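Undergrad: One structure is given below, represented as structure tokens, and several questions about it will come after.
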Amino acid sequence: MENQEKKKCLKMRIQKQLQIQNKNYEIENYQNYKSQNIYLYGLIKIHQNLELSKQCLIQVLNQLPCFWSAWLELCRLMSEERFNQLDSKYLLQQIRI
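Number 117 in this note's numbering belongs to position 8 of the sequence shown; there are no gaps in the numbering.
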């Protein structure tokens with residue numbers, strides 16, 4: 110019985126470590142995609158990893174500030190203080206008051 114508990118505990122540790130490694134792999138690798146692919150990746154991750162999805166959309170908007178679909182998705186996901194992370198110099202060039 111004790112041996113089975115040790116195996117179960119070891120299995121749980123291995124699964125948790127694999128989850129951490131997969132998460133780190135996702136975060137490192139999405140940054141190599143093109144902007145449109147990062148946008149699609151962000152949409153997919155909305156239901157799985159909300160924070161990663163927000164990071165993807167912010168990166169897309171820093172590269173393509175007029176990508177309105179990304180703006181719409183980002184508005185649904187984040188609060189006002191997170192918008193401060195966006196690079197506003199591109200936005201100011203696009204908006205004429």
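Beta carbons are placed, not taken as given, at the ideal position from N, Cα and C, and that holds for glycine. Model, not experiment: these values are computed from the prediction.
Look at the alpha carbon of residue 167 and the alpha carbon of residue 112, and state the distance between them as a whole number of angstroms.
TA: Cα-Cα distance, rounded: 48 Å.
Undergrad: Look at residue 147 and residue 165 and say whether their C-beta atoms are less than 8 Å apart.
TA: For residue 147 and residue 165, yes; Cβs fall inside 8 Å.
Undergrad: What do you get for residue 160, buried or exposed, if any count of 16 or more other CB atoms within 10 angstroms of its CB means buried?
TA: That one is exposed.
Undergrad: Let me know if residue 207 comes out buried or exposed under the rule of 16 or more other beta-carbons within 10 Å of its beta-carbon.
TA: With the chain running from 110 to 206 in the structure shown, residue 207 is simply not present.
Undergrad: Residue 172 by DSSP, collapsed to three states: which one?
TA: Correct three-state label for residue 172: helix.
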